[in-house]
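Student: Count the sequence shown with our numbering and you get residues 13 to 251, in order.
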Amino acid sequence: MSNHILEVKDLSVSYGGIRAVKGISFEVSEGEVVTLIGANGAGKSSTLRSIVGLERPAGGSIVFDGRELTQMGTEQLVTCGITLVPEGRRVFPNLSVLENLKIGAYQRKDSLDTDIQWIYGLFPRLQERSWQMAGTLSGGEQQMLAIGRALMSRPKLIMMDEPSLGLAPIVVQGVFDIIREINKQGVTILLVEQNANMALKAAHRAYVMETGQITLSGTGKELAENEDVKAAYLGKAKK
13 MSNHILEVKD LSVSYGGIRA VKGISFEVSE GEVVTLIGAN GAGKSSTLRS
63 IVGLERPAGG SIVFDGRELT QMGTEQLVTC GITLVPEGRR VFPNLSVLEN
113 LKIGAYQRKD SLDTDIQWIY GLFPRLQERS WQMAGTLSGG EQQMLAIGRA
163 LMSRPKLIMM DEPSLGLAPI VVQGVFDIIR EINKQGVTIL LVEQNANMAL
213 KAAHRAYVME TGQITLSGTG KELAENEDVK AAYLGKAKK
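#1: Only counting the same chain, and skipping five residues up and downstream in sequence, which positions put a Cβ closer than 7 Å to that of Ser24?
#2: Does the Cβ of Pro167 have 16 or more other Cβ atoms within 10 Å, making it buried, or fewer, making it exposed?
#3: Go to Tyr118, then tell me how far its beta strand (DSSP E) extends in each direction, as first and last residue.
#4: Quick one: measure Cβ to Cβ for Leu203 and Val45, integer angstroms, because I've assumed they're closer than 8 Å.
#5: Quick one: what does DSSP say Leu235 is sitting in, helix, strand or coil?
#6: From Leu48 to Gly55, what distance separates their C-alpha atoms?
#7: Taking the alpha carbon of Leu194 as the reference point, which residue from Ala215, Ser150 and Ala180 has its own alpha carbon closest?
#8: Hey, Gln155 and Pro175 are a contact pair by Cβ (cut 8 Å); roughly how many whole angstroms apart?
#9: Helix, strand or coil: which one does DSSP assign to Ser14?
#10: Return the first residue and the last residue of the alpha helix (DSSP H) that Glu140 is part of.
#11: Along the beta strand (DSSP E) that carries Leu169, what are the first and last residues, could you check?
Here it is as structure tokens:
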């Protein structure tokens, strides 16, 4: 892999007197899929929200593509080439699929036609439902739309927060197939996911978060074979 596109150093995030993230450090290299796994409440989503400017860090540094992010607003971050697919999808229910996609490119001034066709190539179901209201889509289709909308900004890094949450197993497999395909096409991905088994299979590198701290790191394969990870997150008893 090439240079680090994202470097997080000693990041802390607090809510009132509670430290949700306690001085963590990690990197994402260009072209990678990197995943953060851990139990609910471990600080994974808080980490993503601080990177994208939705939470102001209590301390630490976030450097993306050579630029310090901690003092930037969310709109500035989008122009830097970083975007978030939020937990719960959060599509605009009363707008069509196509209108949702166009909102993802609201800061662009060029033609969107090529990118829309690219999204439809990734997600043929969205093309079939181009004029359907987003709120009438299934959960899996809404997740496709949320990912497609994020890709419309042409990000250098796309972050996904629990993309498999609430989806049927067969739909989850499809979502992870798309994650791999997007990555093959050159998009760097930082993934937060409670489905550790699927996340580790998709990831080049992974970090385990527990109570606001990173406790393990390695390749996706290394962590999938780690006995502690198996016992805690993959439902397999330690030998």
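We put the CB at the ideal spot given by N, CA and C, even for glycine.
Tutor: According to the structure data:
#1: The sequence position of residue 24 within the sequence shown is 12, counting from 1. Cβ within range, chain order: Arg31, Val33, Lys34, Gly35, Pro69, Ala70, Gly71 and Gly72.
#2: Position 155 of the sequence shown, counting from 1, holds the residue named residue 167. Label assigned to Pro167: buried.
#3: Here residue 118 corresponds to residue number 106 of the sequence shown, with the count starting at 1. Per DSSP, Tyr118 belongs to no beta strand (DSSP E) and is neither H nor E.
#4: Walking along the sequence shown from the start, residue 203 turns up at place 191. Walking along the sequence shown from the start, residue 45 turns up at place 33. Rounded, the Cβ-Cβ distance is 6 Å, consistent with contact.
#5: If you number the sequence shown from 1, residue 235 lands on position 223. Leu235 falls in the helix class under three-state DSSP.
#6: Your numbering for residue 48 matches position 36 in the sequence shown. Your numbering for residue 55 matches position 43 in the sequence shown. About 10 Å.
#7: As a working mapping, residue 194 is identified with position 182 in the sequence shown. The question names Leu, yet the displayed sequence has Ile at residue 194. Answer by Cα proximity: Ala215.
#8: What you label residue 155 is simply residue 143 of the sequence shown in a count that begins at 1. What you label residue 175 is simply residue 163 of the sequence shown in a count that begins at 1. Right, the Cβ-Cβ distance comes to about 6 Å (below 8 Å), so this counts as a contact.
#9: For the purposes of this step, residue 14 is taken as residue 2 along the sequence shown, with counting starting at 1. Unreliable positioning characterises Ser14 in this predicted model, as indicated by a pLDDT of 45, which lies under 50. The coordinate reading is nonetheless provided below. Ser14: coil per DSSP, three-state reduction.
#10: Position 128 of the sequence shown, counted from the start, is the residue given in the question as residue 140. Glu140 -> alpha helix (DSSP H) spans Pro136 to Glu140.
#11: In the sequence shown, residue 169 corresponds to position 157, counting from 1. Residues Leu169 to Asp173.
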